[in-house]
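*Asks:* Pasting in a structure now, in structure tokens, and then I'll have a few things to ask.
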Amino acid sequence: QGSPRPRPLSFCTSPAPEPKPAAAMGISRDSRHKHRATGGRRNLHQKKRKFEMGRPAALCKIGAKRVRPVRCRGGNMKYRGLRIDAGNFSWGSENCTKKVRILDVVYNATSNELVRTKTLTKNSIVQIDAQTYLQWYLKKYGVDLRKKGKGAKKEAGKDGKEEEEVEKKSRHVIFKLKAREAKQKMDPAVEDQFQSGRLLASVASRPGQSGRCDGYVLEGEELTFYKRKLEKKKK
Numbered sequence: 001q002g003s004p005r006p007r008p009l010s011f012c013t014s015p016a017p018e019p020k021p022a023a024a025m026g027i028s029r030d031s032r033h034k035h036r037a038t039g040g041r042r043n044l045h046q047k048k049r050k051f052e053m054g055r056p057a058a059l060c061k062i063g064a065k066r067v068r069p070v071r072c073r074g075g076n077m078k079y080r081g082l083r084i085d086a087g088n089f090s091w092g093s094e095n096c097t098k099k100v101r102i103l104d105v106v107y108n109a110t111s112n113e114l115v116r117t118k119t120l121t122k123n124s125i126v127q128i129d130a131q132t133y134l135q136w137y138l139k140k141y142g143v144d145l146r147k148k149g150k151g152a153k154k155e156a157g158k159d160g161k162e163e164e165e166v167e168k169k170s171r172h173v174i175f176k177l178k179a180r181e182a183k184q185k186m187d188p189a190v191e192d193q194f195q196s197g198r199l200l201a202s203v204a205s206r207p208g209q210s211g212r213c214d215g216y217v218l219e220g221e222e223l224t225f226y227k228r229k230l231e232k233k234k235k
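Using the working numbering, you'd call the opening residue of the sequence shown number 1 and step up by one each time.
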């Protein structure tokens with residue numbers, strides 16, 4: 001009755017089980033995990049549900065168009081805008097909508113971080129290219145908005161002969177344009193922006209949901225409000 005015999009080596013050298021990969025944390029929109037209003041903890045009586053699922057933010061940036069389709073509950077589709085560089089922007093007072101380039105993000109009420117990273121969200125204040133509107137305005141009213149004041153009219157008169165050589169207009173068309181211009185009134189703050197070739201606009205669509213970045217040109221009190229915000233930010 002001596003010491004027990006040692007086990008065979010085969011038992012000692014069995015390979016260790018491979019560690020399972022850590023499960024990625026899901027984004028959940030439920031409120032069961034939250035404390036009560038009194039500060040007490042809730043007892044969990046059910047697990048997470050698929051319909052409470054959330055997804056990471058799109059954080060759409062300015063760049064060459066990149067949109068990804070996402071299948072959602074009920075077989076519906078969302079279009080996740082990851083990069084967008086153009087959109088349809090409406091000039092409300094002129095009842096004119098044009099596809100224009102988005103040049104920069106200048107203000108976001110949520111966070112300055114979204115301005116620094118040039119992230120496009122709903123209600124971001126952006127700078128858009130004014131060239132398309134300039135061409136449209138010149139065609140409709142016969143007025144070049146890049147030239148301003150009385151001096152501009154004299155310049156237009158000097159360049160008139162050159163323009164006539166390029167594009168001859170009938171007497172009827174000339175009178176029609178003059179009649180339109182006589183009735184036309186424009187917000188001076190918007191007119192000033194045309195000198196720089198950039199207009200301030202607000203994004204009205206949700207780029208991360210629809211894959212589009214559409215909006216409207218800022219005018220009137222809204223333009224004054226955001227100009228004041230931008231001046232305060234500079235200080």
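Ideal placement from N, C-alpha and C gives every residue a C-beta, glycine not left out.
Per DSSP, what kind of secondary structure is S93 in: helix, strand or coil?
*Replies:* Along the sequence shown, read from residue 1 onward, the residue named residue 93 stands at position 93. Residue state, collapsed to three classes: helix.
*Asks:* Grab me the residues of E52's own chain with a C-beta within less than 6 Å of its C-beta, minus the 5 sequence neighbours each way, in chain order.
*Replies:* Position 52 of the sequence shown holds residue 52. Hits under 6 Å: S28, R29, D30.
*Asks:* What number of angstroms, rounded off, separates the C-alpha of R66 from the C-alpha of K118?
*Replies:* The residue you call residue 66 lines up with position 66 of the sequence shown. The residue you call residue 118 lines up with position 118 of the sequence shown. Between R66 and K118, the C-alpha separation is close to 15 Å.
*Asks:* Please identify the residue among C60, M25, A58, L59 whose C-alpha is closest to the C-alpha of K48.
*Replies:* Position 48 of the sequence shown, counted from the start, is the residue given in the question as residue 48. Comparing Cα positions, the closest option is M25.
*Asks:* Can you give me the start and stop residues for the alpha helix (DSSP H) that R71 sits inside?
*Replies:* Residue numbering aside, residue 71 sits at position 71 when the sequence shown is read from its first letter. That residue, R71, is in no alpha helix (DSSP H); its beta strand (DSSP E) goes 66 to 71.
*Asks:* Let me know the secondary structure DSSP gives K185 once reduced to three states.
*Replies:* Counting from 1 along the sequence shown, the entry for residue 185 is found at position 185. Coil.
*Asks:* In this structure, how does DSSP classify S28 when only helix, strand and coil are distinguished?
*Replies:* As a first step, residue 28 is located in the sequence shown; it is residue number 28 there, counting from the start. DSSP places S28 in strand when its eight states are reduced to three.
*Asks:* Quick one: Cα of D187 to Cα of N43, how far?
*Replies:* Walking along the sequence shown from the start, residue 187 turns up at place 187. Walking along the sequence shown from the start, residue 43 turns up at place 43. Using only the alpha carbons, I get a separation of about 60 Å.
*Asks:* From this set, Y107, S111, V217, which residue's C-alpha is nearest K244's C-alpha?
*Replies:* In the structure displayed, the chain extends from 1 to 235; residue 244 sits before or after that span and is not available.
*Asks:* Look up F225 in the DSSP assignment and say whether it is helix, strand or coil.
*Replies:* If you number the sequence shown from 1, residue 225 lands on position 225. Looking at F225 - three-state DSSP - the assignment turns out to be helix.
*Asks:* Starting from G208 and walking both ways along the beta strand (DSSP E), at which residues does that stretch end?
*Replies:* Numbered from its first residue, the sequence shown carries residue 208 at position 208. Premise fails: G208 lies in the alpha helix (DSSP H), 207 to 210, not in any beta strand (DSSP E).
*Asks:* Have a look at C72, H172, D192 and flag the residue whose alpha-carbon is nearest the alpha-carbon of K50.
*Replies:* As a position in the sequence shown, residue 50 is number 50, starting the count at 1. Measuring from the Cα of K50, the nearest candidate turns out to be C72.
*Asks:* My guess is that D144 and L138 are in contact by the Cβ rule of under 8 Å, so how many angstroms apart are they, rounded?
*Replies:* Position 144 of the sequence shown, counted from the start, is the residue given in the question as residue 144. Position 138 of the sequence shown, counted from the start, is the residue given in the question as residue 138. That belief holds up - the Cβ atoms of D144 and L138 are roughly 6 Å apart, short of 8 Å.
*Asks:* Given a cut-off of 8 Å, decide if L103 and R228 are closer than it, judged by their beta-carbon atoms.
*Replies:* Residue numbering aside, residue 228 sits at position 228 when the sequence shown is read from its first letter. Residue numbering aside, residue 103 sits at position 103 when the sequence shown is read from its first letter. Not a contact, by the Cβ cut-off of 8 Å.
*Asks:* Could you compute how far the alpha carbon of K122 sits from the alpha carbon of H33?
*Replies:* Stepping through the sequence shown from its first residue, residue 122 is reached at position 122. Stepping through the sequence shown from its first residue, residue 33 is reached at position 33. Between K122 and H33, the C-alpha separation is close to 29 Å.
*Asks:* Is it the case that the segment 69 to 85 contacts the segment 208 to 215, given that we only count it when at least three CB pairs across the two stretches are under 8 Å?
*Replies:* yes
*Asks:* What are the boundary residues of the alpha helix (DSSP H) that includes Q46?
*Replies:* In the sequence shown, the residue the question calls residue 46 occupies position 46. Run containing Q46: none; DSSP gives neither H nor E here.
*Asks:* What separation, rounded to the nearest whole angstrom, lies between the Cα atoms of S196 and G75?
*Replies:* In the sequence shown, counting from the first residue as 1, residue 196 sits at position 196. In the sequence shown, counting from the first residue as 1, residue 75 sits at position 75. Going by the C-alpha atoms only, they are around 46 Å apart.
*Asks:* Between N76 and the ligand NAD, is the CB less than 7 Å from at least one heavy atom?
*Replies:* With respect to small molecules bound, the structure shown includes none, and the ligand NAD cannot be examined in it.
*Asks:* Under the assumption that V105 contacts L120 (Cβ atoms under 8 Å), give the Cβ distance between them as a whole number of angstroms.
*Replies:* What you label residue 105 is simply residue 105 of the sequence shown in a count that begins at 1. What you label residue 120 is simply residue 120 of the sequence shown in a count that begins at 1. Contact between V105 and L120 holds: their C-beta atoms lie close to 7 Å from each other, under 8 Å.
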